[in-house]
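Structure, as structure tokens:
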Amino acid sequence: MAASTLRAEVENSGTPQISGSAQPHQIESWSPSSWTSKPIKQNAIYEDRKAVEKSLLKLQRLPPIVTPTEIIKLKASLRDVALGKAFLLQGGDCAELFDYCEENAIESKIKLLLQMSLVLIWGANKPVVRIARMAGQYAKPRSSPTEMVDGIETPSFRGDILNGYDLDERNLDPQRLVG
1034 MAASTLRAEV ENSGTPQISG SAQPHQIESW SPSSWTSKPI KQNAIYEDRK AVEKSLLKLQ
1094 RLPPIVTPTE IIKLKASLRD VALGKAFLLQ GGDCAELFDY CEENAIESKI KLLLQMSLVL
1154 IWGANKPVVR IARMAGQYAK PRSSPTEMVD GIETPSFRGD ILNGYDLDER NLDPQRLVG
């Protein structure tokens, strides 16, 4: 879709209308559990189903990471980006390790995003919507469930939230989801 077409649709309706093959009646509405109806391309197979259920129950009881007000504010800011009234700056790591999640590293990344946004504000003379890609890259898809390490086939490292990097921590552990 051309940017001008998207801009016109956003201006007219307040939200972008994505054109394509999907008909309005085919579009599923989102809910916190709608992901369960989607096809699984790279499933995490845990050995202990009860431990998984326990971890999922604990996750369900935790407070939300963001508030509805923050979501509404971001949607409004992204609307301004779609209309060309603001610039979107997203930055962060492709993959994260829990070991690197410490105050100095986080402060450095936020400082860098702020510095970059100041340059963009000054250069583009527009507000900048900053999105930090942080604390959400602890699991990564892999092309194979196993890999060869020193001639031994072992489960692939899939990220700190699923298993450990060391070979003796390669079995998937549902406690990592919440611990």
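Counted the way my numbering counts, the sequence shown spans residues 1034 to 1212.
Yeah, the Cβ is synthetic: ideal placement off N, Cα and C, and Gly gets one too.
### Message
Rounded to the nearest angstrom, what separates lysine 1108 and alanine 1115 at their Cα positions?
### Response
Cα atoms of lysine 1108 and alanine 1115: separation of roughly 10 Å, rounded to the nearest angstrom.
### Query
Using DSSP with H/G/I as helix, E/B as strand and the rest coil, what is arginine 1082?
helix
### Message
Closer than 8 Å is the cut-off here; do at least three beta carbon pairs connect the region 1198 to 1209 with the region 1177 to 1188?
### Response
Here the region 1198 to 1209 makes contact with the region 1177 to 1188; the two share three or more CB pairs at distances below 8 Å.
### Query
How is the beta strand (DSSP E) around isoleucine 1027 delimited, first residue to last?
Nothing about residue 1027 can be read from this structure; the chain reaches only from 1034 to 1212.
### Task
Flag this pair as yes or no: are the beta carbons of arginine 1194 and arginine 1209 separated by less than 7 Å?
Rather than arginine, the amino acid found at residue 1194 in this sequence is isoleucine. Yes, Cβ-Cβ distance for isoleucine 1194 and arginine 1209 is below 7 Å.
### Task
Thinking valine 1161 and serine 1177 are a contact (beta carbons under 8 Å), I'd like their distance in whole angstroms, please.
About 40 Å separates the beta carbon of valine 1161 from that of serine 1177, a gap too long to meet the 8 Å contact definition.
### Query
Among residues of its own chain, excluding the 5 on either side of phenylalanine 1190, which ones have a beta-carbon nearer than 6 Å to its beta-carbon?
Answer for phenylalanine 1190: Tyr1198, listed in chain order.
### Task
Under 8 Å by Cβ, that's how I've got serine 1088 and proline 1207 pegged, so tell me the actual separation to the nearest angstrom.
Rounded, the Cβ-Cβ distance is 4 Å, consistent with contact.
### Task
Quick one: residues in its chain with C-beta nearer than 6 Å to the C-beta of methionine 1167, no 5 flanking neighbours on either side, listed in chain order?
Gly1125
### Cβ separation of leucine 1122 and leucine 1146, assumed to be a contact under 8 Å, to the nearest whole Å
7 Å
### Query
Where does proline 1188 sit, in a helix, a strand or coil, going by DSSP?
strand
### Query
If you count every other CB in all the chains shown that lies within 10 Å of the CB of alanine 1119, and 16 or more means buried, which is it?
buried
### Query
Leaving out the 5 sequence neighbours to the left and right, which residues in its chain are closer than 8 Å to glutamate 1080 when beta-carbon positions are compared?
Asn1204 and Leu1205
### Query
For arginine 1112, does the three-state DSSP call read helix, strand or coil?
helix
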